[in-house]
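Some notes on the structure that comes next.
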Amino acid sequence: NGYNPHTKQGLGEIIIGRYKCSNCGSTHEEDHSFWEDLKTLLYDSFNNFFQVLRYHNVSYEGISDVMDFIFPRSKSTVLRAFYNGMEKETVPFSENIHMVHYDEQHPKEGRCQKYRLTLLDAKTQTTIADDLFDDKSPETIKEFLRKNLDASEPVFIVTDFDKRYPDILKEIFGDKLVHQYCLMHLNKLIVSDFPKNTTIEQELLKYRLLNIFYNRENEIKFLEELQSEELNVINNEEKHQEWSKKAKKEFNQFRRKLKLERRRKKENLPLNSLEKAKHNFDKLMENIRTYDQTIQKRLWMINKHWLNLTLFHYLPGAPATNNPIESYYSKSLKTDNKKQFRTDKGIGNQIKLTQMRRLNLLKKPQKSFLELFRLFNPFKL
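Residue numbering for the sequence shown follows the working numbering, starting at 141 and increasing by one per position.
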């Protein structure tokens with residue numbers, strides 16, 4: 141009794157046989173589930189592609205522009221597909237993840253250099269292990285960690301930026317690892333990027349970098365006011381030098397005042413929310429070409445390690461710094477020198493994407509888009 145055409149614009153058309161029941165006269169179609177399965181396979185691959193792009197902070201409009209080269213999808217279509225896909229995703233969460241601090245200290249035994257490796261429990265602030273070694277080679281660190289931590293259980297570990305740590309920790313803990321870089325150590329690196337005697341402009345840029353993860357808005361506001369005053373004396377070298385000395389003194393007094401207020405109230409320097417941190421970082425990246433090479437390198441370093449700098453946001457009670465272990469060191473053995481999201485759902489989805497990435501749940505394609513499109517070749521109009 142003929143056929144019914146099933147068409148999908150841009151993909152092709154299939155002809156489905158139609159027949160009439162000899163008993164009741166009703167019309168029926170042959171099974172065409174294979175056609176729906178083909179489309180589902182392609183659209184699921186699109187959704188995985190959208191998730192990867194959103195993980196890398198590509199806007200919905202940007203994804204739509206990219207899709208114009210592949211298979212046109214409007215911004216609203218991309219948005220709906222992404223949200224529907226994220227609602228179906230489930231991320232396993234372990235409430236029993238072990239949170240620890242790891243650090244090293246380099247005391248001397250007479251003239252011999254020793255290496256102190258320490259693990260501290262983040263929740264109880266108690267020492268898990270604290271041993272001295274003659275070296276701190278990767279093999280020594282691996283042996284120390286294997287001896288004192290269960291590699292079969294999930295672990296959240298805070299370290300500094302030693303370049304060896306990621307490979308060492310990944311080898312031991314594999315997918316069980318959540319590796320957080322210490323934010324206070326990052327702050328020390330930022331401060332070291334600037335000269336000791338900074339100009340007001342340099343000091344302002346320094347505090348804008350420090351303001352990525354910690355709230356330094358008060359200091360920034362004070363420095364911006366000083367920068368406005370500087371315009372009145374900048375053309376007179378003698379007056380400018382006098383004013384600079386006075387301005388730096390005022391700022392240092394203001395900074396100490398804020399620090400004392402926090403101490404009296406027994407408060408720590410407040411951390412920015414993940415959304416605020418991303419906003420502050422993006423603003424700095426917009427002008428990255430105007431900064432010195434040292435500052436550009438620091439910003440690119442933060443960009444590269446963004447996930448490992450923000451993991452503490454995703455686990456309740458997780459530490460962002462190694463301050464407890466630094467405090468433990470100072471008490472036990474002192475050494476001389478030692479895209480802005482607009483909705484809550486958007487933030488939640490980004491957190492979920494990061495968790496999925498950490499757990500290797502962002503799917504890699506089994507077939508490329510070209511291979512998937514070739515499946516539709518027999519049905520082209």
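Positions of the beta carbon are idealized from the N, C-alpha and C atoms, including for glycine.
For residue 335, which residues of its own chain have a beta-carbon under 8 Å away from its beta-carbon, when the five flanking residues on both sides are left out?
342
request  = Give a yes or no on whether the C-beta atoms belonging to residue 465 and residue 264 are separated by under 8 Å.
outcome  = no
Check your understanding: Considering only residues of the same chain and omitting the five flanking positions on each side of residue 237, which have a CB-CB separation below 6 Å?
Key -> 294 and 296
Checklist entry - Which of helix, strand or coil does DSSP assign to residue 163? => result coil
inquiry  = I'd like the span of the alpha helix (DSSP H) that includes residue 349, first residue to last.
reply    = 340-350
task: Return the residue from the list 155, 344 and 319 that minimises the CA-CA distance to residue 330.
output: 344
*Which stretch, first to last residue, makes up the beta strand (DSSP E) that contains residue 320?*
317-321
If we count Cβ pairs, one from each stretch, closer than 8 Å, do we get three or more for the segment 368-384 versus the segment 403-416?
no
*Skipping 5 residues on each side, what residues in its chain have a beta carbon closer than 6 Å to that of residue 284?*
257
field: DSSP bridge partner residues for residue 457 (one or two, in chain order)
entry: In DSSP, residue 457 forms no bridge with anything.
- Query: residue 595 lies in the alpha helix (DSSP H); which residues open and close that run?
  - Reply: Lying before the first or after the last residue shown, residue 595 is absent from the chain, which here runs from 141 to 521.
Notebook entry, point to check: With burial defined as no fewer than 16 other Cβ atoms inside 10 Å of the residue's Cβ, what is the status of residue 356: buried or exposed?
Noted result: buried
ask   = How many angstroms separate the CA atom of residue 224 from the CA atom of residue 168?
value = 32 Å
Excluding the 5 residues flanking residue 455 on each side, which residues of the same chain have their C-beta closer than 8 Å to its C-beta? 237, 239, 296 and 318
- Helix, strand or coil at residue 358 [DSSP, three-state]: helix
Q) How should residue 191 be labelled, buried or exposed, when 16 other C-beta atoms within 10 angstroms of its C-beta is the threshold for buried? A) buried
To the nearest angstrom, report how far apart residue 375 and residue 359 are at their CA atoms. 25 Å
Check whether the Cβ atoms of residue 182 and residue 200 lie closer than 8 Å to each other.
no
Return the Cβ separation of residue 286 and residue 349 in integer angstroms, given the expectation that the two are a contact with Cβ distance under 8 Å. Their Cβ separation, rounded to whole angstroms, is 37 Å, which puts residue 286 and residue 349 out of contact at 8 Å.
Exposure of residue 213, with buried meaning 16 or more beta-carbon neighbours within 10 Å: buried
- request: Quick one: measure Cβ to Cβ for residue 420 and residue 427, integer angstroms, because I've assumed they're closer than 8 Å.
  value: No, residue 420 and residue 427 are not in contact; Cβ-Cβ is about 12 Å, not under 8 Å.
Taking the DSSP output, what are the residues bridged to residue 145? 155
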